[in-house]
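Numbering (the working numbering), first residue to last: 143 to 772.
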């Protein structure tokens with residue numbers, strides 16, 4: 143509903159219904175082309191280039207924290223929520239894998255590849271079944287060519303293929319399919335449809351929701367790993383006949399409500415059992431996944447394991463070993479070690495590779511399964527066999543899993559004592575962020591802070607209330623953010639209060655990976671003229687997701703429930719928040735000013751930070767000059 147003026151409930155609802163159903167219908171019908179769902183062989187011609195594709199919002203790359211796995215798709219996107227009535231929690235962060243940001247208006251450089259070249263290179267990655275590489279490739283392409291229909295189509299297909307394959311490695315999903323019957327999963331499906339109908343940000347057409355499930359099932363039927371696991375004795379002809387059959391069942395008639403949707407899916411599940419001897423719970427789960435996944439890139443079904451991760455992240459702590467892992471790399475490679483966790487106390491370092499977990503070789507089971515083996519109850523022990531760069535012999539460590547606190551405010555330091563320039567980095571927004579910020583600000587104040595640089599670069603977002611609380615620390619009045627959804631409970635106006643306001647001059651570093659809750663804070667600072675934004679235009683994710691527990695099978699849903707707007711009413715989706723002082727990100731080596739464990743210095747070659755320091759010095763000098771003139 144971005145860009146819609148709130149001219150009355152009836153008009154708003156009509157625009158919303160038309161827009162949402164059209165987008166969902168186009169996504170689903172694109173996917174239900176049989177040719178679109180399979181990997182295109184090299185000998186085939188590339189799909190034709192079309193224009194005016196419906197918007198497919200981009201996601202971002204993440205890093206897997208273990209056991210705070212943040213595993214919805216790719217990795218380092220914490221998912222923090224805000225308690226509400228009806229057992230709903232609200233999230234403001236990105237949750238989809240990718241590196242590009244979903245903004246319009248990026249101009250391709252003169253030497254940029256043509257759409258045909260982008261497609262050719264992407265299809266090579268698809269032929270290799272390198273879905274992560276394909277997703278990242280197509281996202282870079284769509285960032286430059288946002289209206290290219292063929293590229294958007296391949297991006298969506300690559301995302302679905304990745305989603306199918308990653309769920310095959312989710313042990314909690316496998317447990318559902320092995321221990322549940324069709325009736326139990328269909329009950330879950332009914333509950334999912336009811337929640338979508340009640341809480342999703344826009345009205346949806348149940349015909350398209352069922353077709354989305356059909357598309358998801360078809361993608362699964364093209365994945366060798368899915369076939370090997372669930373259909374080992376079925377040949378290609380049998381699978382193709384079933385696909386034709388399921389089309390007749392699910393696509394023949396318009397579906398008017400969720401009760402008809404369940405009946406149609408029940409028939410499709412029965413056909414899967416009769417024609418392919420597929421476990422009916424497995425078939426039904428594909429319709430559950432597809433019902434949510436095709437709504438938008440930020441809505442998703444959550445397994446019990448993912449739900450547990452989310453709930454740990456709400457609190458900013460988890461039970462585990464305290465390491466961040468390189469996504470999808472086997473053997474597992476440690477990216478960083480959380481200060482004060484079991485891994486740091488045992489002497490583990492960034493760059494160490496985990497060869498074995500217990501008696502299981504990581505290369506034998508893959509990265510996702512190996513990371514899953516690191517899980518365990520508090521107080522339990524796990525044996526690791528590790529290899530350190532530069533050392534020939536691997537070494538063994540036995541670590542005890544325990545609760546690890548994950549800080550969200552880091553690198554609190556006085557960069558320039560002479561001018562009193564403080565610096566801190568907010569890496570995410572969680573329940574503890576406001577308290578951590580208060581402690582950091584008082585620490586810097588006691589050290590003589592006269593100006594503050596707040597670093598939001600790379601911050602994917604998080605708990606909505608935390609972003610509002612941080613903004614309130616620096617604003618004594620005015621709006622912070624407005625949320626608008628289908629239900630009145632989602633329509634909220636957040637405003638600042640004068641109590642406890644810090645009036646220190648403020649500079650905020652942002653980049654294209656500053657997303658969602660970060661954009662709430664950046665937008666509030668900019669629209670209220672409270673500080674100076676330096677860096678790149680932010681990611682452009684202007685929606686809020688709600689977390690819902692299901693009664694059936696102990697799972698969860700993440701659904702987009704509202705969109706948010708800056709204090710001046712600007713939509714954030716696809717636009718982001720622009721800096722006051724732009725800095726070309728390509729000029730920096732890597733500009734997140736994050737001190738690694740056991741290091742005491744900031745990285746060099748940080749152009750945005752250099753500009754912020756110069757601005758801060760000028761601010762301090764101006765204040766001193768005005769005082770001297772009195």
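Glycine residues also receive a C-beta, built at the ideal position from the N, C-alpha and C atoms. Note that the structure is predicted; figures quoted are calculated from it, not measured.
Residue 536 versus residue 498: straight-line alpha-carbon distance, rounded: When rounded, the separation of the alpha-carbon atoms in residue 536 and residue 498 is 10 Å.
Rounded separation between residue 630 and residue 343 - CA only: Approximately 11 Å, taken between the alpha carbons.
Classification of residue 371 by the beta-carbon crowding that lies within 10 angstroms, buried from 16 upward: The residue in question, residue 371, is exposed, as its Cβ has fewer than 16 Cβ neighbours within 10 Å.
Among 374, 394 and 328, the one whose alpha carbon lies nearest that of residue 400: For residue 400, the closest of 374, 394 and 328 by C-alpha to C-alpha distance is 328.
Buried or exposed by the 16-neighbour rule on C-beta atoms within 10 Å, applied to residue 670: Burial is judged here by how many other beta carbons sit within 10 angstroms of a residue's own beta carbon; residue 670 has at least 16 and is buried.
Candidates 376, 322 and 683, of which the one nearest residue 439 by Cα: Ranking 376, 322 and 683 by Cα distance to residue 439 puts 683 first.
Beta-carbon proximity list for residue 679, same chain, < 6 Å, skipping 5 on both sides: Excluding residues within five positions, the ones whose Cβ falls inside 6 Å are 718 and 720.
Residues of its chain near residue 293, where Cβ-Cβ distance is below 7 Å and the 5 sequence neighbours each way are ignored: If the five residues before and after residue 293 are omitted, its C-beta is found closer than 7 Å to the C-beta atoms of 257, 260, 261, 280, 283, 284 and 287, all from its own chain and listed in chain order.
Burial state of residue 391 (16 or more Cβ within 10 Å): Flag for residue 391 reads buried.
Straight-line Cα distance separating residue 432 from residue 516: The straight-line gap separating the alpha-carbon atoms of residue 516 and residue 432 is approximately 29 Å.
Local Cβ density within 10 Å of residue 533, reported as buried at 16 or more and exposed below that: Exposed, since its Cβ has fewer than 16 Cβ neighbours within 10 Å.
Cα-Cα separation between residue 655 and residue 480, rounded to whole angstroms: A straight-line Cα-Cα distance of about 22 Å links residue 655 and residue 480.
Exposed unless 16 or more other CB atoms sit within 10 angstroms - verdict on residue 761: Residue 761 is classed as buried because its beta carbon has at least 16 other beta carbons within 10 Å across all chains shown.
Nearest residue (CA-CA) to residue 572, options 755, 297 and 460: Checked all of 755, 297 and 460; the closest Cα to residue 572 is 460.
For residue 605, the three-state DSSP class (helix, strand or coil): Strand at residue 605.
Top-ranked residue by Cα proximity to residue 575, from 615, 305 and 272: Comparing Cα-Cα distances from residue 575 to each of 615, 305 and 272, the minimum goes to 615.
Residues near residue 586 in its chain [Cβ-Cβ closer than 6 Å; skip 5 each side]: These residues qualify, in order along the chain: 564.
Nearest-angstrom Cα separation, counted from residue 453 out to residue 657: Cα to Cα, the separation comes out at about 21 Å.
N- and C-terminal bounds of the beta strand (DSSP E) containing residue 555: Where residue 555 is concerned, the enclosing beta strand (DSSP E) stretches over 551–558.
Segment contact, 8 Å Cβ cut-off, at least three pairs: the segment 495–511 with the segment 548–559: As far as the Cβ criterion goes, the segment 495–511 does not touch the segment 548–559, which means the pair count is below three.
C-alpha distance - residue 697 paired with residue 446, whole-angstrom precision: So the alpha carbons of these two residues sit roughly 5 Å apart.
C-alpha distance - residue 296 paired with residue 278, whole-angstrom precision: Residue 296 and residue 278 have their C-alpha atoms some 11 Å from each other.
Helix, strand or coil at residue 766 [DSSP, three-state]: Residue state, collapsed to three classes: helix.
Helix, strand or coil at residue 279 according to DSSP, with G and I counted as helix: In this structure, residue 279 counts as helix in the three-state DSSP scheme.
DSSP bridge partner residues for residue 597 (one or two, in chain order): According to DSSP, residue 597 bridges with 567 and 651.
Beta-carbon contacts of residue 757 that lie in its chain and below 8 Å, excluding the five residues immediately before and after: Within the same chain, residue 757 has close Cβ partners 649, 674, 676 and 723.
Delimiting residues of the alpha helix (DSSP H) encompassing residue 636: Counting along the chain, no alpha helix (DSSP H) covers residue 636; the unbroken beta strand (DSSP E) around it starts and ends at 634–637.
Of the listed residues 351, 381, 368 and 450, nearest to residue 404 (C-alpha basis): Distance check between residue 404 and each of 351, 381, 368 and 450 places 351 closest, using alpha-carbon atoms only.
Between the CA atoms of residue 665 and residue 541 - distance to the nearest angstrom: Looking at the two C-alpha atoms, the distance is approximately 43 Å.
Three-state class that DSSP yields for residue 220 in the structure shown: Below a pLDDT of 50, predicted positions are generally treated as unreliable, and residue 220, at 33, falls in that range; no measurement from the model is reported.
Cut-off 6 Å between Cβ atoms - residues of its own chain near residue 623, not counting five sequence neighbours on either side: Closer than 6 Å at Cβ, skipping near neighbours: 636, 662 and 706.
DSSP state of residue 691 mapped onto helix, strand, coil: Here residue 691 sits in strand by DSSP.
Delimiting residues of the beta strand (DSSP E) encompassing residue 627: Element bounds for residue 627: 621–627.
Host beta strand (DSSP E) of residue 529 (start-end): Note, residue 529: beta strand (DSSP E), 523–529.
Spatial neighbours of residue 754 in its chain, beta-carbon cut-off 7 Å, leaving aside the 5 residues before and after: Its chain contains 595, 649, 651 and 676 as the residues whose beta carbon lies nearer than 7 Å to that of residue 754, once the 5 sequence neighbours on both sides are disregarded; these appear in chain order.
For residue 474, the first and last residue of its enclosing beta strand (DSSP E): First-last of the beta strand (DSSP E) with residue 474: 474–479.
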